[in-house]
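Enquirer: Residue numbers are given in this note's numbering: position 141 of the sequence shown equals residue 141, and the series is strictly consecutive. My structure is below; once you've seen it, I'll send some questions.
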Amino acid sequence: MTYPPSTAMGPTTDMGQVSRLITAEGERVSDPALEGWVADVDNALLADLYRDMVRTRRLDAEGVALQRQGQLGLWAPCQGQEAVQVGTARALRESDFVFPSYRESGVQLVRGATPTQLIQVWRGEEQSMGDPFARGTAGPQIIIGAQTLHAVGYAMGIQRTPAAEGARCDEVAVTYFGDGASSQGDVSEAMVFAASYGAPVVFVCSNNQWAISEPVTVQSRTPLADRAPAFGIPSMRVDGNDVLACYGAMRWALERARSGAGPAYIEAVTYRMGPHTTADDPTRYRDAAEVEVWRARDPLARVQTLLQARGALGDALAADIAADADRLAAEVRAVCLGYRTRDPLSVFDEVYAEPHSGLERQRRAYAAYLDGFEEEAR
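If you want it as structure tokens, here you go:
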């Protein structure tokens with residue numbers, strides 16, 4: 001099936017009109033929509049943002065490697081999207097609550113997830129991600145777009161707490177989703193309720209250009225940020241590879257929600273450098289030239305260049321950041337390799353307190369299925 005060319009959206013290498021504070025070349029530029037929200041950002045904070053991005057990329061590489069080595073069931077890479085994840089997450093307060101998708105490992109890291117928690121969910125371990133209220137962050141949502149409804153429902157609950165009645169709200173709900181999820185009905189429904197109730201929620205859309213193999217230029221004839229005003233939600237479209245722009249946009253959105261003005265929407269224009277998940281082969285649907293265009297817009301490189309130009313990233317600090325990232329990766333690997341392989345049939349053990357005939361039939365069927373692999377091996 002062929003599609004007519006979009007009249008409003010360029011190719012997936014075209015970022016379009018975005019707010020930006022750090023160019024791909026590492027130059028600090030001004031943007032009137034964001035400048036006031038980053039006026040207090042000094043070199044120390046910028047270096048901290050860079051550290052978190054380096055840690056996120058190193059974690060991501062380790063997750064991919066562990067899955068390729070058979071230690072994880074799946075991994076959803078976030079290489080190329082570190083700026084939007086770190087920039088927005090660092091703007092949050094501890095009192096805020098996050099509802100992420102399956103790709104926000106950087107957000108989870110910034111919000112205090114331990115190596116154990118980062119690995120558990122992708123191994124299917126019990127109590128994956130631990131207590132969500134301990135970090136104000138839910139576990140990864142696998143059902144595409146469902147987390148937006150959860151966030152809005154939570155935000156409506158915030159409105160009904162005594163502390164929120166007639167006053168500023170210290171707690172905001174935040175949800176992350178991708179361009180592909182924006183086509184799901186759940187997201188539209190969430191935005192309807194958020195706008196109708198003026199809920200204190202922020203929608204962060206990481207537009208990484210591809211919904212598995214479907215380009216955003218087919219999904220939408222207009223920038224995704226332009227959809228939000230139709231629901232009555234103000235939006236901002238930023239360079240998602242610019243951590244400072246993402247940080248500033250998030251502060252704007254959070255302040256709007258805290259002040260009682262209602263929801264806000266951020267479209268962060270970025271790129272998924274790797275596969276959709278480790279079960280995907282992106283070379284089947286996109287060409288290498290496109291990837292190289294985005295590689296030149298690397299979110300880490302531009303901050304590194306800016307910090308070095310300011311004399312704020314010497315050899316000692318750079319080495320410390322790299323070592324910190326390597327330690328994280330080593331801890332994640334050690335935790336992962338420390339888990340024992342469980343009997344697959346144990347998934348049936350804690351379902352019912354008493355034996356259940358239907359479940360027993362499923363257990364027998366699954367056991368026969370597993371035995372089939374052993375017969376093939378023989």
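Each residue gets a CB set at the ideal place from its N, CA and C atoms; glycine is no exception.
Looking only at its chain, what residues have a beta carbon closer than 6 Å to the beta carbon of Thr88, apart from the 5 residues adjacent to it on each side?
Expert: Closer than 6 Å at the Cβ level, and outside the excluded window around Thr88, lie Val204, Cys246 and Met250.
Enquirer: Quick one: is Phe177 buried, meaning 16 or more other Cβ sit within 10 Å of its Cβ, or exposed?
Expert: The residue in question, Phe177, is buried, as its Cβ has 16 or more Cβ neighbours within 10 Å.
Enquirer: Between which two residues does the beta strand (DSSP E) harbouring Met236 extend?
Expert: Taken as a continuous stretch (DSSP letters only), the beta strand (DSSP E) holding Met236 covers Ser235 to Asp239.
Enquirer: Output the distance between the C-alpha atoms of Pro275 and Ala211, rounded to the nearest integer angstrom.
Expert: Each residue's Cα considered, the two are about 11 Å apart.
Enquirer: Rounded to the nearest angstrom, what separates Gly26 and Arg310 at their Cα positions?
Expert: Each residue's Cα considered, the two are about 11 Å apart.
Enquirer: Run the CB neighbour count on Asn43, radius 10 Å, all protein chains shown included, and call it buried at 16 or more, exposed below.
Expert: Asn43 is exposed by the Cβ-count criterion.
Enquirer: Where do the ends of the beta strand (DSSP E) carrying Ala309 lie?
Expert: Premise fails: Ala309 lies in the alpha helix (DSSP H), Pro299 to Ala309, not in any beta strand (DSSP E).
Enquirer: Thr114 and Glu290 - do their beta-carbons sit closer together than 9 Å?
Expert: Cβ atoms of Glu290 and Thr114: not closer than 9 Å.
Enquirer: Please list, in chain order, all residues of the same chain as Gly372 whose beta carbon is under 8 Å from its beta carbon, the five residues on each side excluded.
Expert: Cβ neighbours of Gly372 beyond the five flanking positions: none.
Enquirer: On the criterion of 16 or more Cβ atoms from any shown chain inside 10 Å, does Glu267 qualify as buried, or is it exposed?
Expert: Its Cβ being crowded by 16 or more others within 10 Å, Glu267 is buried.
Enquirer: Apply the 10 Å Cβ neighbour rule to Glu62 and answer buried if 16 or more other Cβ atoms are within range, or exposed otherwise.
Expert: Burial call: buried.
Enquirer: Nearest by alpha-carbon distance to Ala264: which of Gly198, Glu214, Asn207 and Thr277 is it?
Expert: Here the closest residue by C-alpha is Gly198.
Enquirer: With DSSP collapsed to three states, give me the class of Tyr265.
Expert: Reduced to three states, the DSSP call for Tyr265 is strand.
Enquirer: The beta strand (DSSP E) spanning Phe348 covers which residue range?
Expert: Unbroken run through Phe348: none, as it is neither H nor E.
Enquirer: Between the region 253-264 and the region 18-35, are three or more C-beta pairs nearer than 8 Å?
Expert: Judged by Cβ distances under 8 Å, the region 253-264 makes no contact with the region 18-35, as fewer than three pairs qualify.
Enquirer: Please determine, among Ala39, Asp14 and Arg58, the residue with the shortest C-alpha to C-alpha distance to Arg327.
Expert: The shortest Cα separation from Arg327 among Ala39, Asp14 and Arg58 belongs to Arg58.
Enquirer: What is the DSSP secondary structure of Tyr154, reduced to helix, strand or coil?
Expert: If DSSP states are grouped into helix, strand and coil, Tyr154 belongs with the helices.
Enquirer: Roughly how many angstroms separate the alpha carbons of Val335 and Ala329, rounded to a whole number?
Expert: Rounded to the nearest angstrom, the two C-alpha atoms are 10 Å apart.
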